[in-house]
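Participant: In this text, residue positions in the sequence shown follow our numbering: the first is 1085, and each later residue adds one.
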Amino acid sequence: MRRARLRQVFGGVALGLCALTGCSKDAKEAPPPQEELEVSLGQENVARAEVRDLRSGPGISGNLQARTAAAVRAEVGGTILDINAQQGQVVKKGEELARIEDATLKDQLIAATAAVRTARSALQVSEAELERSAKLSKAGVVTQRDFERAQLTLEQAKGQLAEARSRQALAKEQLARARVVAPFAGVVSERQASAGDVVQPSAPLFTVVDPRTLRLEASVPAAQLEQVRVETPVEFHVTGYGDRSFRGVVERINPVVDPATGQVRIYVAIPNTDLQLLAGLFAEGRVASRAEQALAIPIDAIDDTGTEPSVLRIQQGRVQRVNITLGMRDEVSRQVQVRSGLEDGDVVVLGAAKEQVVEGARVKVTPPRPDAKPVEDSGPGVGGSEPPPPSSGQRQPTPQPASTQPPEEGAAPPSP
């Protein structure tokens, strides 16, 4: 009986331990399998391999300059009476830009003209005297010495007349220089004087440029000089014109290499008949010495840390590392030719996103939102004008143009 009671006690304890430890007939349950993580990439993190027009050549940069420019200076001293040209004004060749006081120059011209008349009269008298001396010398009335003296007097009279005419021409020229005129047809870019200023000869007054043809001076390494020839096309972008591309041609090549930099100076002629480009803007581009249409990807997608260049390609939602063979590089568009390893339409990972994914990872490319809007430029407008105010949900009233008609008699003036 005692054994039976001990058996019951130990049996109850065993049941209690099983209840506390979770004893059961089945084995311990396995944890649920973890789902594989999926990396989400935006449209800015990927690019598609496409057939593009690639161009290669030495890169160049510099400021646009007017091919024809002149610094108009004062040729005579005096007070500026009138200013007839302002900055940005279109002028014709020979058009008056300013006028310098010319009262003294007019007096000098009057004196020089009078001197010419006097010298001409003296010449006429000398000619008549020589003619009489010649007749008298034949008749033996005057000596040969007197005849030679008459000849000398005539030559002196001729010299005095020539000198007087030269002074008259100089006075006329000085009087004409009091009118400051445009040396060629163009645009006044600078004005350094105002009416009432007293200027000296060679003082700067205006700068006139011809904007129809611009010039870009740039340098290329001497090692790439074989890619540059006269009439070679040049493609470039200009600050302030976005992605718009412009073209020019190599006009001249400096025959001397700069010993300090090892570069050669080239001069690019840029047509500007529509006057869209402005002198002084910064231009950056390249000499398009070679052009080819080929499959290309952004240079930023290439991983060149290994023995061979490679890219991370997204195919069927998985990342694959693919070795590729590269060809021509287009440094301006930042594209590189792919000779083998990719096909047209393949998607590759760009930039910093290459550090976020590994080979074999699952990737999902997030499509752009349907309500996304392009970023508007809120910077200053052309000529430094202020940016427009930010748009709001309320409709702004349309501004009415100011009337060019004078107000009616008795009406109140418009409020500012």
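Ideal Cβ positions, reconstructed from N, Cα and C, are used throughout, including at glycine.
Keep in mind it's a predicted model, so treat the numbers as computed, not measured.
Within 10 angstroms of its Cβ, does residue 1422 collect 16 or more other Cβ (buried), or is it exposed?
Facilitator: buried
Participant: Once the 5 residues before and after residue 1163 are set aside, which same chain residues still bring their CB inside 6 Å of it?
Facilitator: 1185, 1282
Participant: Straight-line CA distance for residue 1139 to residue 1166?
Facilitator: 54 Å
Participant: What does the alpha-carbon distance come out to for the pair residue 1507 and residue 1158?
Facilitator: Residue 1507 lies beyond the range of the chain shown here (1085 to 1500); nothing can be said about it.
Participant: With 16 other CB atoms within 10 Å as the buried threshold, where does residue 1320 fall?
Facilitator: buried
Participant: Is residue 1141 buried or exposed, if buried means 16 or more other CB atoms sit within 10 Å of its CB?
Facilitator: buried
Participant: Give me whichever residues DSSP pairs with residue 1319 in a beta bridge.
Facilitator: Beta-bridge pairing links residue 1319 to 1331, 1370.
Participant: Under 8 Å, with one C-beta from each stretch per pair, do the stretch 1121-1128 and the stretch 1256-1263 reach the 3-pair mark?
Facilitator: no
Participant: Is residue 1297 helix, strand or coil when you go by DSSP?
Facilitator: Residue state for residue 1297 is assigned as strand, using DSSP reduced to three classes.
Participant: By DSSP, does residue 1129 sit in helix, in strand, or in coil?
Facilitator: helix
Participant: Indicate whether residue 1133 and residue 1379 have their beta-carbon atoms separated by less than 8 Å.
Facilitator: yes
Participant: By the three-class DSSP mapping on this structure, what secondary structure does residue 1219 have?
Facilitator: DSSP places residue 1219 in helix when its eight states are reduced to three.
Participant: Would you give the residue range spanned by the alpha helix (DSSP H) that residue 1276 belongs to?
Facilitator: Looking at the DSSP string, residue 1276 is not in any alpha helix (DSSP H), and its letter there is neither H nor E.
Participant: Go through the stretch 1402-1437 residue by residue and report every complete run of the beta strand (DSSP E) that reaches 3 residues or more, in order.
Facilitator: 1402-1407, 1409-1414, 1419-1424, 1431-1433
Participant: What separation, rounded to the nearest whole angstrom, lies between the Cα atoms of residue 1328 and residue 1254?
Facilitator: Each residue's Cα considered, the two are about 54 Å apart.
Participant: Under 7 Å Cβ to Cβ from residue 1363, same chain only, skipping five residues before and after it: list those, please.
Facilitator: 1148, 1149, 1150, 1293, 1295, 1298
Participant: Would you mind reading off the limits of the alpha helix (DSSP H) that contains residue 1232?
Facilitator: That run of the alpha helix (DSSP H) goes 1228-1261.
Participant: Is it true that the CB of residue 1348 sits closer than 8 Å to the CB of residue 1338?
Facilitator: The answer is yes: Cβ separation under 8 Å.
Participant: One question on the structure: do residue 1417 and residue 1407 come within less than 8 Å of each other, judged by their Cβ atoms?
Facilitator: no
Participant: Less than 8 Å between the beta carbons of residue 1274 and residue 1290, yes or no?
Facilitator: Cβ atoms of residue 1274 and residue 1290: closer than 8 Å.
Participant: The beta strand (DSSP E) spanning residue 1145 covers which residue range?
Facilitator: 1143-1157 is the span of the beta strand (DSSP E), which, as asked, contains residue 1145.
Participant: Using only CA atoms, which one of 1241, 1350, 1388, 1443 lies nearest to residue 1396?
Facilitator: Considering only 1241, 1350, 1388, 1443, the residue with the shortest C-alpha distance to residue 1396 is 1443.
Participant: When the Cα of residue 1374 is compared with those of 1284, 1415, 1279, 1399, which residue comes out closest?
Facilitator: 1415
Participant: What does a CB cutoff of less than 6 Å around residue 1371 pick up in its chain, not counting 5 residues either side in sequence?
Facilitator: 1141, 1142, 1312, 1316, 1318
Participant: How is residue 1110 classed by DSSP in three states: helix, strand or coil?
Facilitator: For residue 1110, the predicted model reports a pLDDT of 48, less than 50, meaning its position is unreliable; a value from the coordinates is still stated below. Reduced to three states, the DSSP call for residue 1110 is coil.
Participant: Return the CA-CA distance between residue 1201 and residue 1239, expressed in angstroms with no decimal places.
Facilitator: 17 Å
Participant: Can you list, in chain order, the residues of its chain whose CB lies under 6 Å from that of residue 1129, leaving out five sequence neighbours each side?
Facilitator: 1434, 1437
Participant: Within a Cβ cutoff of 7 Å, which residues of the same chain sit near residue 1266, ignoring the five residues on either side of it in sequence?
Facilitator: Here the set comprises 1175, 1176, 1177, 1178, 1179, 1181, 1292.
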